[in-house]
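In the numbering used here, the protein residues as written are 1 to 88.
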């Protein structure tokens, strides 16, 4: 039984690229919060516990990577067989 892609090739490609860039940005923010960078921790309105914020950023980055892997698999399915040719 063949599996049908959920998304079009363009949407899956776009999702993959955006997810991996988002994961990189969140990882950089997490690193900044965990090392108390003044750019993210220097104001009076910033959070007190930078380590907790860093863990949240890292967890969100992992979720973005998982989404990117899923969308990458969708792209791979489109490479194997275009959407119109896949049958159940």
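By construction, the Cβ of each residue, glycine as well, lies at the ideal position given by its N, Cα and C atoms. Predicted, not measured: the structure shown is a model, and the values here were computed from it.
- Shortest Cα-Cα distance from residue 54 to any of 37, 17, 14 and 19 involves 37.
- Boundaries of the alpha helix (DSSP H) harbouring residue 16: 9-34, taken from the DSSP string.
- Under the 8 angstroms Cβ criterion, the segment 17-28 counts as touching the segment 64-71, having at least three qualifying pairs.
- If you compare the alpha carbons of 11, 27 and 74 with that of residue 59, the shortest gap goes to 27.
- Here residue 42 carries a coil assignment [DSSP, helix/strand/coil].
- Residue 65 sits in a helix when the DSSP states are folded into three classes.
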